[in-house]
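Student: Just dropping this structure here.
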(Lines of atoms letter the chains of each structure in order from A and count residues from 1; the text may use other names and numbers.)
(Lines give C-alpha, C1' and ligand atoms only; values in the text may rest on other atoms or scores of the structure.)
Protein backbone atom coordinates (compact mmCIF):
# COMPACT_ATOMS: atom_id res chain seq x y z
CA UNK A 1 0.00 0.00 0.00
CA UNK A 2 1.26 3.48 -0.87
CA UNK A 3 0.99 5.96 1.97
CA UNK A 4 -0.24 9.31 0.77
CA UNK A 5 2.17 12.22 0.83
CA UNK A 6 1.05 15.50 2.42
CA UNK A 7 0.42 17.13 -0.96
CA UNK A 8 -1.80 14.28 -2.12
CA UNK A 9 -3.67 14.25 1.17
CA UNK A 10 -4.34 17.98 0.86
CA UNK A 11 -5.55 17.80 -2.73
CA UNK A 12 -7.88 14.86 -1.99
CA UNK A 13 -9.44 16.85 0.85
CA UNK A 14 -9.84 19.81 -1.53
CA UNK A 15 -11.55 17.57 -4.07
CA UNK A 16 -13.97 16.35 -1.39
CA UNK A 17 -14.63 19.90 -0.16
CA UNK A 18 -15.38 21.07 -3.70
CA UNK A 19 -17.79 18.29 -4.66
CA UNK A 20 -20.63 20.77 -4.89
CA UNK A 21 -23.03 18.23 -6.43
CA UNK A 22 -22.72 15.64 -3.66
CA UNK A 23 -26.00 14.40 -2.22
CA UNK A 24 -26.74 14.51 1.50
CA UNK A 25 -27.46 11.15 3.16
CA UNK A 26 -30.83 11.02 4.85
CA UNK A 27 -32.00 14.09 2.94
CA UNK A 28 -31.23 13.72 -0.76
CA UNK A 29 -31.12 9.93 -0.59
CA UNK A 30 -31.85 7.16 1.88
CA UNK A 31 -30.65 3.57 1.95
CA UNK A 32 -31.66 0.49 3.92
CA UNK A 33 -28.65 -1.64 4.86
CA UNK A 34 -30.70 -4.46 6.41
CA UNK A 35 -28.36 -7.36 7.30
CA UNK A 36 -24.86 -8.60 6.61
CA UNK A 37 -24.58 -10.52 3.34
CA UNK A 38 -24.49 -14.30 3.43
CA UNK A 39 -21.55 -16.31 2.12
CA UNK A 40 -21.82 -17.80 -1.33
CA UNK A 41 -22.69 -21.29 -0.14
CA UNK A 42 -25.68 -19.93 1.75
CA UNK A 43 -26.72 -17.94 -1.30
CA UNK A 44 -26.78 -21.15 -3.29
CA UNK A 45 -29.16 -22.52 -0.66
CA UNK A 46 -31.46 -19.57 -1.20
CA UNK A 47 -30.56 -17.70 1.99
CA UNK A 48 -30.46 -13.91 1.68
CA UNK A 49 -29.78 -11.20 4.24
CA UNK A 50 -31.79 -8.50 2.48
CA UNK A 51 -35.37 -8.78 1.35
CA UNK A 52 -35.79 -5.19 0.21
CA UNK A 53 -33.96 -2.82 -2.14
CA UNK A 54 -30.91 -0.90 -0.94
CA UNK A 55 -32.24 2.50 -2.01
CA UNK A 56 -35.47 3.67 -0.42
CA UNK A 57 -35.34 7.22 -1.79
CA UNK A 58 -33.25 9.34 -4.17
CA UNK A 59 -34.03 12.94 -5.09
CA UNK A 60 -33.82 12.50 -8.85
CA UNK A 61 -33.74 16.24 -9.51
CA UNK A 62 -29.96 15.92 -9.14
CA UNK A 63 -29.95 13.86 -12.34
CA UNK A 64 -30.87 17.00 -14.27
CA UNK A 65 -27.48 18.56 -13.53
CA UNK A 66 -25.12 18.65 -16.48
CA UNK A 67 -22.53 16.15 -15.27
CA UNK A 68 -25.17 13.67 -14.10
CA UNK A 69 -27.04 13.90 -17.40
CA UNK A 70 -23.85 13.39 -19.38
CA UNK A 71 -22.80 10.49 -17.16
CA UNK A 72 -26.13 8.68 -17.33
CA UNK A 73 -26.15 8.94 -21.13
CA UNK A 74 -23.07 6.67 -21.18
CA UNK A 75 -24.50 3.82 -19.13
CA UNK A 76 -26.31 2.09 -22.01
CA UNK A 77 -23.38 2.22 -24.45
CA UNK A 78 -21.77 -1.11 -23.56
CA UNK A 79 -22.17 -4.87 -23.90
CA UNK A 80 -21.93 -6.24 -20.38
CA UNK A 81 -20.53 -9.67 -21.30
CA UNK A 82 -16.75 -9.83 -21.49
CA UNK A 83 -15.63 -11.50 -24.69
CA UNK A 84 -18.24 -9.65 -26.74
CA UNK A 85 -16.39 -7.00 -28.78
CA UNK A 86 -17.43 -3.42 -28.12
CA UNK A 87 -18.40 -1.22 -31.05
CA UNK A 88 -18.33 2.51 -30.35
CA UNK A 89 -20.71 4.40 -32.61
CA UNK A 90 -20.12 8.04 -33.64
CA UNK A 91 -23.02 9.05 -31.40
CA UNK A 92 -21.46 7.26 -28.42
CA UNK A 93 -18.11 8.92 -29.08
CA UNK A 94 -19.86 12.28 -29.00
CA UNK A 95 -21.40 11.32 -25.65
CA UNK A 96 -17.98 10.36 -24.28
CA UNK A 97 -16.56 13.76 -25.17
CA UNK A 98 -19.66 15.56 -23.90
CA UNK A 99 -19.14 13.91 -20.53
CA UNK A 100 -15.46 14.88 -20.45
CA UNK A 101 -16.33 18.45 -21.43
CA UNK A 102 -18.91 18.66 -18.65
CA UNK A 103 -16.62 17.44 -15.88
CA UNK A 104 -13.67 19.52 -17.06
CA UNK A 105 -15.71 22.59 -16.06
CA UNK A 106 -16.18 21.41 -12.47
CA UNK A 107 -14.08 22.57 -9.50
CA UNK A 108 -12.94 19.03 -8.66
CA UNK A 109 -11.46 18.34 -12.09
CA UNK A 110 -9.80 21.75 -12.20
CA UNK A 111 -8.12 21.02 -8.86
CA UNK A 112 -6.90 17.61 -10.02
CA UNK A 113 -5.68 18.97 -13.36
CA UNK A 114 -3.69 21.73 -11.64
CA UNK A 115 -2.12 19.25 -9.23
CA UNK A 116 -1.12 16.82 -11.99
CA UNK A 117 0.37 19.64 -14.06
CA UNK A 118 2.42 20.79 -11.07
CA UNK A 119 3.72 17.22 -10.68
CA UNK A 120 4.57 17.05 -14.42
CA UNK A 121 2.15 14.16 -14.86
CA UNK A 122 -0.38 15.82 -17.17
CA UNK A 123 -0.24 18.49 -19.89
CA UNK A 124 -1.24 22.05 -19.09
CA UNK A 125 -3.28 22.36 -22.28
CA UNK A 126 -6.90 21.50 -21.54
CA UNK A 127 -7.46 19.70 -24.84
CA UNK A 128 -4.34 17.58 -24.34
CA UNK A 129 -5.44 16.73 -20.79
CA UNK A 130 -8.85 15.71 -22.12
CA UNK A 131 -7.10 13.39 -24.60
CA UNK A 132 -5.17 11.86 -21.70
CA UNK A 133 -8.44 11.25 -19.83
CA UNK A 134 -10.05 9.73 -22.92
CA UNK A 135 -7.15 7.30 -23.37
CA UNK A 136 -7.15 6.27 -19.72
CA UNK A 137 -10.91 5.76 -19.42
CA UNK A 138 -12.50 5.24 -22.82
CA UNK A 139 -10.01 3.53 -25.14
CA UNK A 140 -11.02 -0.10 -25.61
CA UNK A 141 -8.81 -3.06 -24.74
CA UNK A 142 -9.17 -6.83 -24.57
CA UNK A 143 -9.86 -8.00 -21.04
CA UNK A 144 -8.54 -11.37 -19.88
CA UNK A 145 -9.72 -14.25 -22.06
CA UNK A 146 -10.77 -12.08 -24.97
CA UNK A 147 -8.97 -11.70 -28.29
CA UNK A 148 -10.78 -8.50 -29.31
CA UNK A 149 -11.34 -5.18 -27.54
CA UNK A 150 -14.27 -5.81 -25.23
CA UNK A 151 -13.75 -3.49 -22.29
CA UNK A 152 -12.68 -0.06 -21.07
CA UNK A 153 -11.89 1.48 -17.74
CA UNK A 154 -15.13 3.43 -17.75
CA UNK A 155 -17.26 0.41 -18.57
CA UNK A 156 -15.63 -1.77 -15.93
CA UNK A 157 -15.68 0.73 -13.07
CA UNK A 158 -18.86 2.70 -13.65
CA UNK A 159 -21.14 0.42 -15.69
CA UNK A 160 -20.14 -3.12 -14.71
CA UNK A 161 -19.44 -6.29 -16.68
CA UNK A 162 -20.32 -9.96 -16.49
CA UNK A 163 -17.93 -12.86 -16.97
CA UNK A 164 -19.17 -16.26 -18.06
CA UNK A 165 -22.73 -15.21 -17.35
CA UNK A 166 -22.28 -15.98 -13.64
CA UNK A 167 -19.96 -13.36 -12.15
CA UNK A 168 -20.27 -9.59 -12.02
CA UNK A 169 -16.97 -7.73 -12.25
CA UNK A 170 -16.35 -4.03 -11.75
CA UNK A 171 -19.61 -2.14 -11.15
CA UNK A 172 -18.46 0.36 -8.53
CA UNK A 173 -20.90 3.21 -9.08
CA UNK A 174 -23.94 4.10 -7.00
CA UNK A 175 -25.88 5.85 -9.80
CA UNK A 176 -25.74 2.77 -12.02
CA UNK A 177 -26.66 0.65 -9.00
CA UNK A 178 -29.66 2.82 -8.19
CA UNK A 179 -30.94 2.99 -11.77
CA UNK A 180 -30.53 -0.75 -12.33
CA UNK A 181 -32.21 -1.52 -9.01
CA UNK A 182 -35.09 0.78 -9.94
CA UNK A 183 -35.53 -1.21 -13.17
CA UNK A 184 -35.59 -4.48 -11.21
CA UNK A 185 -32.23 -5.68 -12.55
CA UNK A 186 -30.40 -5.52 -9.20
CA UNK A 187 -31.10 -7.78 -6.25
CA UNK A 188 -29.38 -6.31 -3.19
CA UNK A 189 -28.30 -9.12 -0.87
CA UNK A 190 -26.83 -7.27 2.10
CA UNK A 191 -23.76 -5.36 3.19
CA UNK A 192 -20.25 -6.76 3.55
CA UNK A 193 -17.73 -6.02 6.27
CA UNK A 194 -14.17 -7.23 6.84
CA UNK A 195 -12.96 -8.41 10.24
CA UNK A 196 -11.01 -5.20 10.90
CA UNK A 197 -13.34 -2.81 9.11
CA UNK A 198 -16.03 -0.66 10.73
CA UNK A 199 -19.69 -1.52 10.48
CA UNK A 200 -21.41 0.34 7.63
CA UNK A 201 -23.50 3.40 8.36
CA UNK A 202 -26.54 4.51 6.38
CA UNK A 203 -25.44 8.14 6.84
CA UNK A 204 -21.95 7.66 5.41
CA UNK A 205 -20.79 7.78 1.80
CA UNK A 206 -19.00 4.41 1.53
CA UNK A 207 -20.43 0.90 1.43
CA UNK A 208 -19.27 -2.64 0.72
CA UNK A 209 -22.13 -4.81 -0.49
CA UNK A 210 -23.26 -7.95 -2.26
CA UNK A 211 -25.76 -8.04 -5.11
CA UNK A 212 -26.81 -9.89 -8.24
CA UNK A 213 -27.17 -8.37 -11.70
CA UNK A 214 -28.09 -9.95 -15.02
CA UNK A 215 -28.06 -13.45 -13.51
CA UNK A 216 -24.54 -12.89 -12.20
CA UNK A 217 -23.41 -12.40 -8.62
CA UNK A 218 -21.12 -9.74 -7.21
CA UNK A 219 -19.89 -11.46 -4.03
CA UNK A 220 -18.46 -8.22 -2.70
CA UNK A 221 -18.26 -4.77 -4.21
CA UNK A 222 -17.28 -1.43 -2.74
CA UNK A 223 -18.74 1.90 -3.78
CA UNK A 224 -19.12 5.54 -2.86
CA UNK A 225 -22.74 6.54 -2.37
CA UNK A 226 -24.17 9.98 -3.04
CA UNK A 227 -21.03 11.54 -4.52
CA UNK A 228 -21.05 13.20 -7.92
CA UNK A 229 -19.71 11.53 -11.08
CA UNK A 230 -17.03 14.20 -11.33
CA UNK A 231 -15.80 13.45 -7.79
CA UNK A 232 -15.23 9.77 -8.52
CA UNK A 233 -13.75 10.48 -11.93
CA UNK A 234 -11.39 13.08 -10.46
CA UNK A 235 -10.30 10.97 -7.48
CA UNK A 236 -9.72 7.79 -9.48
CA UNK A 237 -7.88 9.70 -12.20
CA UNK A 238 -5.66 11.32 -9.59
CA UNK A 239 -4.78 7.99 -7.98
CA UNK A 240 -4.25 6.21 -11.30
CA UNK A 241 -1.89 8.82 -12.71
CA UNK A 242 0.11 9.21 -9.50
CA UNK A 243 0.15 5.51 -8.52
CA UNK A 244 -1.15 3.38 -11.41
CA UNK A 245 -0.85 -0.07 -9.83
CA UNK A 246 -1.12 0.48 -6.12
CA UNK A 247 -3.41 0.62 -3.14
CA UNK A 248 -3.28 4.32 -2.30
CA UNK A 249 -4.24 5.42 1.20
CA UNK A 250 -6.13 8.72 1.24
CA UNK A 251 -8.03 10.60 3.93
CA UNK A 252 -10.85 13.10 3.59
CA UNK A 253 -13.68 14.27 5.79
CA UNK A 254 -14.30 11.42 8.27
CA UNK A 255 -12.91 8.66 6.07
CA UNK A 256 -9.62 6.78 5.86
CA UNK A 257 -9.78 4.94 2.55
CA UNK A 258 -7.65 2.81 0.27
CA UNK A 259 -8.16 3.47 -3.40
CA UNK A 260 -7.38 0.20 -5.18
CA UNK A 261 -6.07 1.02 -8.64
CA UNK A 262 -4.84 -1.45 -11.28
CA UNK A 263 -3.75 -0.54 -14.77
CA UNK A 264 -4.05 -2.39 -18.05
CA UNK A 265 -0.90 -2.27 -20.18
CA UNK A 266 0.29 0.84 -18.30
CA UNK A 267 -2.13 2.97 -20.35
CA UNK A 268 -5.65 2.26 -19.19
CA UNK A 269 -7.54 1.75 -15.97
CA UNK A 270 -8.16 -1.94 -15.37
CA UNK A 271 -10.15 -1.37 -12.20
CA UNK A 272 -10.35 1.10 -9.37
CA UNK A 273 -12.57 1.31 -6.30
CA UNK A 274 -12.59 2.49 -2.66
CA UNK A 275 -12.04 0.33 0.40
CA UNK A 276 -13.00 1.81 3.76
CA UNK A 277 -10.28 1.44 6.38
CA UNK A 278 -11.96 3.32 9.20
CA UNK A 279 -13.99 6.33 10.15
CA UNK A 280 -11.76 9.02 11.58
CA UNK A 281 -12.19 10.19 15.14
CA UNK A 282 -13.87 13.61 15.10
CA UNK A 283 -10.99 15.27 17.00
CA UNK A 284 -8.41 13.76 14.63
CA UNK A 285 -10.50 14.94 11.71
CA UNK A 286 -10.60 18.50 13.05
CA UNK A 287 -6.81 18.56 13.42
CA UNK A 288 -6.41 17.11 9.93
CA UNK A 289 -8.84 19.67 8.50
CA UNK A 290 -6.98 22.59 10.08
CA UNK A 291 -3.65 21.24 8.82
CA UNK A 292 -4.93 20.73 5.28
CA UNK A 293 -6.61 24.14 5.27
CA UNK A 294 -3.43 25.84 6.47
CA UNK A 295 -1.38 24.16 3.78
CA UNK A 296 -4.07 24.99 1.27
CA UNK A 297 -4.00 28.72 1.95
CA UNK A 298 -0.21 28.74 1.76
CA UNK A 299 -0.43 27.40 -1.79
CA UNK A 300 -1.34 29.37 -4.88
CA UNK A 301 -4.55 27.50 -5.55
CA UNK A 302 -7.62 29.71 -5.48
CA UNK A 303 -9.14 29.30 -1.99
CA UNK A 304 -12.32 27.30 -1.57
CA UNK A 305 -15.24 28.89 0.27
CA UNK A 306 -15.24 28.62 4.06
CA UNK A 307 -16.36 25.16 5.12
CA UNK A 308 -19.17 24.60 7.60
CA UNK A 309 -17.65 21.76 9.64
CA UNK A 310 -21.07 20.73 10.92
CA UNK A 311 -22.06 19.77 7.39
CA UNK A 312 -18.88 17.74 6.94
CA UNK A 313 -19.48 15.79 10.12
CA UNK A 314 -22.90 14.62 8.95
CA UNK A 315 -21.59 13.63 5.53
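Numbering (full-length UniProt numbering), first residue to last: 1 to 315. Yeah, the Cβ is synthetic: ideal placement off N, Cα and C, and Gly gets one too. Please read all numbers here as calculations on a predicted model, not as lab measurements.
(1) Please go through the same chain and pick out, in chain order, the residues whose beta-carbon is closer than 6 Å to the beta-carbon of residue 106, but skip the five residues on each side of it.
(2) First and last residue of the alpha helix (DSSP H) that includes residue 186?
(3) Note down the Cα distance separating residue 88 from residue 235, rounded to an integer number of angstroms.
(4) Any idea if residue 128 is buried or exposed, counting beta-carbon neighbours within 10 angstroms, 16 or more meaning buried?
(5) Just verifying my parser: in three-state terms, what is the DSSP assignment at residue 75?
(6) Measure the C-alpha to C-alpha separation of residue 93 and residue 139 and round it to an integer number of angstroms.
(7) Provide the residue span of the alpha helix (DSSP H) that contains residue 107, from first to last.
(8) If residue 148 and residue 90 are in contact, beta carbons under 8 Å, what's the gap, nearest whole angstrom?
(9) Quick one: Cα of residue 151 to Cα of residue 143, how far?
(10) Classify residue 120: buried if its beta carbon has 16 or more other beta carbons within 10 angstroms, exposed otherwise.
(11) Rounded C-beta distance between residue 205 and residue 225? I'm assuming under 8 Å.
(12) Within its chain, find whatever has a CB closer than 6 Å to the CB of residue 279; leave out the 5 residues flanking it on each side and keep chain order.
(13) Quick one: what's got a C-beta closer than 8 Å to residue 28's C-beta in the same chain, skipping five residues either side?
(14) Apart from the five residues just before and just after residue 178, which ones in its own chain have a Cβ nearer than 6 Å to its Cβ?
(15) Use the C-beta contact count for residue 40: other C-beta atoms within 10 angstroms, 16 or more gives buried, fewer gives exposed.
(16) Give the straight-line distance between the Cα atoms of residue 242 and residue 116, rounded to the nearest whole angstrom.
(17) To the nearest angstrom, report how far apart residue 163 and residue 156 are at their CA atoms.
(18) Going straight from the alpha carbon of residue 212 to that of residue 104, what length do you get?
(19) Can you grab the Cα-Cα spacing for the pair residue 301 / residue 11, in whole Å?
(20) Mark residue 274 as exposed unless 16 or more other C-beta atoms lie within 10 angstroms of its C-beta, in which case mark it buried.
(21) By the three-class DSSP mapping on this structure, what secondary structure does residue 27 have?
Tutor: For this structure:
(1) Here residue 106 corresponds to residue number 106 of the chain shown, with the count starting at 1. Contacts found: 230.
(2) Translated into the one-based positions of the chain shown, residue 186 becomes position 186. Residue 186 -> not in any alpha helix (DSSP H); beta strand (DSSP E) instead, spanning 186-191.
(3) Translated into the one-based positions of the chain shown, residue 88 becomes position 88. Translated into the one-based positions of the chain shown, residue 235 becomes position 235. Taking the straight line from one Cα to the other gives about 26 Å.
(4) What you label residue 128 is simply residue 128 of the chain shown in a count that begins at 1. By the neighbour-count rule (16 or more Cβ atoms within 10 Å), residue 128 is not buried but exposed.
(5) The residue given as residue 75 occupies position 75 in the chain shown. Of the three classes helix, strand and coil, the one that applies to residue 75 here is coil, per DSSP.
(6) Here residue 93 corresponds to residue number 93 of the chain shown, with the count starting at 1. Here residue 139 corresponds to residue number 139 of the chain shown, with the count starting at 1. Rounded to the nearest angstrom, the two C-alpha atoms are 10 Å apart.
(7) On the chain shown, position 107 is the one that residue 107 refers to. Residues 107-118.
(8) Taking the chain shown and counting its residues from 1, one reaches residue 148 at position 148. Taking the chain shown and counting its residues from 1, one reaches residue 90 at position 90. That pair is no contact at about 20 Å.
(9) In the chain shown, the residue the question calls residue 151 occupies position 151. In the chain shown, the residue the question calls residue 143 occupies position 143. If you take the alpha carbons of residue 151 and residue 143, they lie about 6 Å apart.
(10) To locate residue 120, count along the chain shown from 1; it is residue 120. The residue in question, residue 120, is exposed, as its Cβ has fewer than 16 Cβ neighbours within 10 Å.
(11) The residue given as residue 205 occupies position 205 in the chain shown. The residue given as residue 225 occupies position 225 in the chain shown. 5 Å between Cβ atoms; contact.
(12) As a first step, residue 279 is located in the chain shown; it is residue number 279 there, counting from the start. Within the same chain, residue 279 has close Cβ partners 198 and 254.
(13) Against the chain shown, residue 28 aligns to sequence position 28. If we look at residue 28 and ignore the five residues flanking it on each side, its Cβ neighbours are 58, 59, 62 and 226.
(14) If you number the chain shown from 1, residue 178 lands on position 178. Closer than 6 Å at Cβ, skipping near neighbours: 55 and 58.
(15) In the chain shown, residue 40 corresponds to position 40, counting from 1. Exposed, by the Cβ-count rule.
(16) Sequence index remark: in the chain shown, residue 242 carries index 242 (1-based). Sequence index remark: in the chain shown, residue 116 carries index 116 (1-based). The straight-line gap from Cα to Cα measures roughly 8 Å.
(17) For the purposes of this step, residue 163 is identified with residue 163 of the chain shown, where counting begins at 1. For the purposes of this step, residue 156 is identified with residue 156 of the chain shown, where counting begins at 1. Looking at the two C-alpha atoms, the distance is approximately 11 Å.
(18) Counting from 1 along the chain shown, the entry for residue 212 is found at position 212. Counting from 1 along the chain shown, the entry for residue 104 is found at position 104. Straight-line Cα distance between these residues: approximately 33 Å.
(19) For the purposes of this step, residue 301 is taken as residue 301 along the chain shown, with counting starting at 1. For the purposes of this step, residue 11 is taken as residue 11 along the chain shown, with counting starting at 1. For residue 301, the predicted structure reports a pLDDT of 48, less than 50, and the residue's modelled location is therefore unreliable. The matter cannot be settled from this model.
(20) By 1-based counting over the chain shown, the position of residue 274 is 274. Burial call: buried.
(21) For the purposes of this step, residue 27 is taken as residue 27 along the chain shown, with counting starting at 1. Note: residue 27 maps to coil in three-state DSSP.
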